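The structure appears right after this line, and notes come after that.
Number of protein chains: 2
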Amino acid sequence: MKIVVIDDDKLVAISLKTILEATGRITVAAMGSSGAEAIRLYEAEKPDVMLMDIRMDGMTGLEAGEQILKASPDAKLLYLTTFSDDEYIVKALRMGAKGYILKQDFEGIAPALEAVMRGQSVFGETIISRLPEMMKQPETYDYAAHGISEKEREIMELVAEGLSNKEIAARLCLGEGTVRNYVSELLDKLSLRDRTQLAVYYYTEVKA
Amino acid sequence: MKIVVIDDDKLVAISLKTILEATGRITVAAMGSSGAEAIRLYEAEKPDVMLMDIRMDGMTGLEAGEQILKASPDAKLLYLTTFSDDEYIVKALRMGAKGYILKQDFEGIAPALEAVMRGQSVFGETIISRLPEMMKQPETYDYAAHGISEKEREIMELVAEGLSNKEIAARLCLGEGTVRNYVSELLDKLSLRDRTQLAVYYYTEVKA
DNA sequence: GCGCGGATATGACATTTGTCATGTCACAAA
DNA sequence: TTTGTGACATGACAAATGTCATATCCGCGC
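Line by line, the protein sequences give chains H and D.
For the first sequence, counting from 1, position 88 maps to 88 in our numbering; every step adds exactly one.
For the second sequence, counting from 1, position 120 maps to 120 in our numbering; every step adds exactly one.
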């Protein structure tokens, strides 16, 4: 397997080369230390996988990756990071990177490269554990816990759609005053002041 | 590396054993064909990694996984699937599975196991490519396209926090009437009726 | 039967909200 | 200089909103 290593810390780059080549199954065809070099070396070597530091002086690994993927959409990019910067994870994923692992995890790098070459995606443990929070959690809101009745829930949803009391009354075949009472009751239970806060509450707490 | 294979298709299980043991680095300590067996065998063998089909008769691989993780939180579970069922991916991730790959990808399974044993997470290509959609898209809302000025944007955000006109005025050092004018202007531009609809708009269109 | 609580309703009331017309001020373009 | 033009403000007004006290009806437990 032919790879290219990009890291602006020469020492790290060399250590990586040593470790990886010691496996006998990996050849480091070239090394670079900047985003610009990454782009050039990818084109020149067309490695099976490119192992790249995500943060470097000048062009970041992500920007370089974007360029590379634009030219070679099936490029396999495996990012290295010192500590998992939440910010980058999502960007890298969206960009189409094949993985994102910790530099410290020397032993894990070779297997990760192999898995990536086989078309899989690899993520360090601390990284993947952050994904769940990033995805919509279906943590269903517990109406009962807040003493919200079924009817009140219904009213809340309609308020959260932007309907006026009159419209809600029409929709549910109730008197407008009744709807007001429900809204008032809800505001009281949830310690809110007005229907707008109720809508905000709905989007931030209930449906979040 | 010691693993346990769970698949309700005996043929698949045996094929896996053959392929994996051929690498010389993997030992299949036991095989099972149901969720219940998975739980029992995990306890009995304490394998480095457990390779498990995600859909089986009776208890699904996910349920079994939950039980196993409850008893052994650091268990490493690598799921196999025939075709990527979107539904399961998220659940598996949230549950704490270490990976999710396609059965068809025979060659990839061994490297995936190694990576998982090193503490990484592995996902088949078709799987990871679905993640981006599942995560919040940062499609930034184009204020300019709707003729929303900077100040108006600020007002909108405060309304969307549930503040009253008076509170917004205080926050921004403006007259209350001025704030009303801004709100009124916003409602006009966005064809809305009241501040509640503005908040709803904010959560559904701008910040969605 | 009696009383009680919940769902529904009404009316009165104060407040907030949205609209509009109008005014001031600064600053830039003509 | 004059003339916009945009940011900020005021006041008046009508409509919507939130609160509260109160009333009716209905079913349920005793």
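Every residue, glycine too, gets a C-beta built ideally from N, C-alpha and C.
What you are looking at is a predicted structure, and each value in this text was computed from that prediction instead of being measured.
Exercise for the section: May I ask which residues mark the beginning and end of the beta strand (DSSP E) holding D/T204? Expected result: Careful: D/T204 lies outside any beta strand (DSSP E) and carries neither H nor E.
Problem - H/E66 classed as buried or exposed, judged by whether at least 16 other C-beta atoms fall within 10 angstroms - result: It is buried - the Cβ of H/E66 has at least 16 other Cβ atoms within 10 Å.
Handout entry: Nearest candidate by alpha-carbon position, reference H/M1, set H/K46, H/L11 and H/K10
Key = With distances taken between Cα atoms, H/M1 lies closest to H/K46.
Practice task
Determine the direct distance from the alpha carbon of H/A38 to that of H/Q197, and round the result to whole angstroms.
Solution key: Distance between the alpha carbons of H/Q197 and H/A38 is about 50 Å.
Problem - Check: H/K98 C-beta below 8 Å from any heavy atom of the ligand MN - result: This structure lacks the ligand MN; in fact it carries no ligand of any kind.
Problem - Cα-Cα separation between D/F123 and H/V90, rounded to whole angstroms - result: So the two alpha carbons sit approximately 15 Å from each other.
Handout entry: Close beta carbons around D/E114, own chain, < 8 Å, minus the five adjacent residues each side
Key = Counting only Cβ-Cβ distances below 8 Å, and skipping sequence neighbours, we find M1 and R25.
Problem - Span separating the alpha-carbon of H/V28 from that of H/V4 - result: Roughly 6 Å between the two C-alpha positions.
Problem - Residue closest to H/R180, alpha-carbon to alpha-carbon, out of H/A169, H/M56, H/L192 and H/S149 - result: With distances taken between Cα atoms, H/R180 lies closest to H/A169.
Problem - D/F106, enclosing alpha helix (DSSP H) - first and last residue - result: DSSP places D/F106 inside the alpha helix (DSSP H), whose first and last residues are F106 to M117.
Handout entry: Helix, strand or coil at D/M59 according to DSSP, with G and I counted as helix
Key = It is coil, neither helix nor strand.
Exercise for the section: Inspect the CB distances between the stretch 41-57 of chain D and the stretch 70-77 of chain D and report whether three or more fall short of 8 Å. Expected result: Contact check between the stretch 41-57 of chain D and the stretch 70-77 of chain D: three or more CB pairs, one atom from each, fall below 8 Å, which counts as touching.
Handout entry: Residues that H/I155 contacts on chain D, provided the C-beta gap is smaller than 7 Å
Key = Taking a Cβ-Cβ threshold of 7 Å, none of the residues of chain D is close to H/I155; the smallest such distance is about 13 Å.
Problem - Range covered by the beta strand (DSSP E) that runs through H/I6 - result: Where H/I6 is concerned, the enclosing beta strand (DSSP E) stretches over K2 to I6.
Exercise for the section: Would you identify the three-state DSSP class for H/L102, choosing helix, strand or coil? Expected result: DSSP places H/L102 in the strand class (E or B) of the three-state scheme.
Practice task
Return the CA-CA distance between H/V159 and D/R55, expressed in angstroms with no decimal places.
Solution key: If you take the alpha carbons of H/V159 and D/R55, they lie about 41 Å apart.
Practice task
Could you list which residues in chain D have their beta carbon closer than 7 Å to that of H/H161, in chain order?
Solution key: Note on residue identity: the sequence assigns Glu, not His, to residue 161 of chain H. When 7 Å is used as the limit between beta carbons, H/E161 is near these residues of chain D: V200, in chain order.
Practice task
Give a yes or no on whether the C-beta atoms belonging to D/I6 and H/Q120 are separated by under 9 Å.
Solution key: No. Outside cutoff.
Practice task
Please confirm if H/F83 has its CB atom under 9 Å from at least one CB of chain D.
Solution key: Not an interface residue.
Practice task
Can you tell me which of the three DSSP states D/G24 falls into?
Solution key: DSSP places D/G24 in the coil class of the three-state scheme, outside both helix and strand.
Handout entry: Inter-residue spacing [alpha-carbon to alpha-carbon] between D/D105 and D/T82
Key = Linking D/D105 to D/T82 through their CA atoms gives a straight-line distance of about 10 Å.
Problem - Rounded C-alpha distance that separates D/K166 from D/E176 - result: Distance between the alpha carbons of D/K166 and D/E176: 5 Å.
Practice task
Using a Cβ-Cβ cut-off of less than 8 Å, list which residues of the stretch 163-176 of chain D approach chain H; keep chain order.
Solution key: For the stretch 163-176 of chain D, the beta-carbon criterion of a distance under 8 Å to any beta-carbon of chain H is satisfied by S164.
Exercise for the section: Run down chain D in chain order and give the residues with a C-beta less than 8 Å from the C-beta of H/E114. Expected result: Ordered by position in chain D, the residues that pass the 8 Å Cβ test against H/E114 are P111, E114 and A115.
Practice task
Give a yes or no on whether the minimum CB-CB distance between D/G32 and chain H is below 9 Å.
Solution key: No, because no Cβ of chain H sits closer than 9 Å to the Cβ of D/G32.
Problem - H/E205 versus H/L172, H/M156 and H/D188, residue with shortest Cα-Cα distance - result: Nearest option by C-alpha distance: H/M156.
Exercise for the section: Please report how far the alpha carbon of D/A92 lies from the alpha carbon of H/L93, in whole angstroms. Expected result: Taking the straight line joining both Cα atoms gives about 18 Å.
Problem - Residues sharing a beta bridge with D/M52, DSSP - result: In the DSSP assignment, D/M52 forms a beta bridge with D/I6 and D/Y79.
Exercise for the section: Using a Cβ cut-off of 7 Å, pull out every chain D residue sitting near H/Y203, in sequence order please. Expected result: In chain order: Y203.
Problem - Assigned secondary structure, H/S33 (DSSP; H/G/I helix, E/B strand, else coil) - result: Assignment of H/S33 by DSSP, reduced to helix, strand and coil, places it in the coil class.
Problem - Proximal chain D residues relative to H/Q197, where beta-carbon distance stays under 7 Å - result: The contacting residues are G162.
Exercise for the section: Compare the beta carbon distance of D/I109 and D/I14 with 9 Å and say whether it is the shorter of the two. Expected result: No.
Practice task
Given a cut-off of 9 Å, decide if D/L69 and D/Y210 are closer than it, judged by their beta-carbon atoms.
Solution key: Missing from the structure shown is residue 210 of chain D; chain D here goes from 1 to 208 and no further.
Problem - Assumed close pair D/D57, D/S72 - CB separation to whole angstroms, cut-off 8 Å - result: Between D/S72 and D/D57 the Cβ distance is about 24 Å, and since that is not below 8 Å, they are no contact.
Exercise for the section: Please list the partners that H/E150 has in chain D, where partner means a Cβ-to-Cβ separation under 7 Å. Expected result: By Cβ distance, chain D contributes nothing, its closest Cβ being about 22 Å from H/E150, past 7 Å.
Problem - C-beta contact flag for H/L192 and H/Y201 at 9 Å - result: Closer than 9 Å, so yes.
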